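With the first letter of the sequence shown counted as 1, position 42 gets the number 41 in numbering that gives the first Met the number 0; the numbers rise by one all the way through. Cβ atoms here follow ideal geometry from the backbone N, Cα and C, with glycine treated the same way. All values reported here derive from a predicted model rather than from experimental measurement.
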Amino acid sequence: MQTLNPACPAGTQNRVSIIGAGKVGSTLAHGIISRNLADVVLLDIQDGLPQGIALDLMEARGLEGHDRQIIGTSDYADTANSDVVVITAGRARLPG
């Protein structure tokens, strides 16, 4: 098992899949790509949510100075060949 190098040059093909595009998952995705650690696959069962977050993060990459790719998806097949998988999805909290 290899560790992700925090100083990965652009074009290095590390890939992290994040299961759950809520507040924790989307913040983690932003942190990973903004530090140029890896490309990210952001997956959520709520179709449209991960795609929208990925689009926002892709549009911001020019300001942040990285060229990492982020894919938003609801299809687990898109997580194939990931070096790391992080599960942030869980049961939503109930009021009270």
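Among the options, the one whose alpha carbon lies nearest that of residue i
{"i": "Q50", "options": "I18, D66 and N80", "result": "I18"}
{"i": "A163", "options": "N80, R60 and Q45", "result": "Missing from the structure shown is residue 163; the chain here goes from 0 to 95 and no further."}
{"i": "D43", "options": "R67, M57 and K22", "result": "K22"}
{"i": "H65", "options": "G95, D38 and L93", "result": "D38"}
{"i": "Q12", "options": "G89, V83 and L93", "result": "V83"}
{"i": "R60", "options": "A76, P94, A28 and L93", "result": "A28"}
Beta-carbon proximity of residue i to residue j, cut-off 8 Å
{"i": "I52", "j": "L41", "result": "yes"}
{"i": "R14", "j": "S81", "result": "yes"}
{"i": "E63", "j": "S33", "result": "yes"}
{"i": "L54", "j": "A20", "result": "no"}
{"i": "I70", "j": "L56", "result": "no"}
Coil, strand or helix - residue i by DSSP
{"i": "A91", "result": "coil"}
{"i": "G51", "result": "helix"}
{"i": "A70", "result": "One detail in the question is off: residue 70 reads as Ile in this sequence, not Ala. It is a strand residue."}
{"i": "A20", "result": "coil"}
{"i": "V85", "result": "strand"}
{"i": "D46", "result": "coil"}
{"i": "G30", "result": "helix"}
{"i": "A59", "result": "helix"}
{"i": "A170", "result": "Given that the chain is displayed from residue 0 to residue 95, the structure contains no residue 170 and the question cannot be resolved."}
Beta-ladder partner(s) of residue i, from DSSP
{"i": "D38", "result": "R14"}
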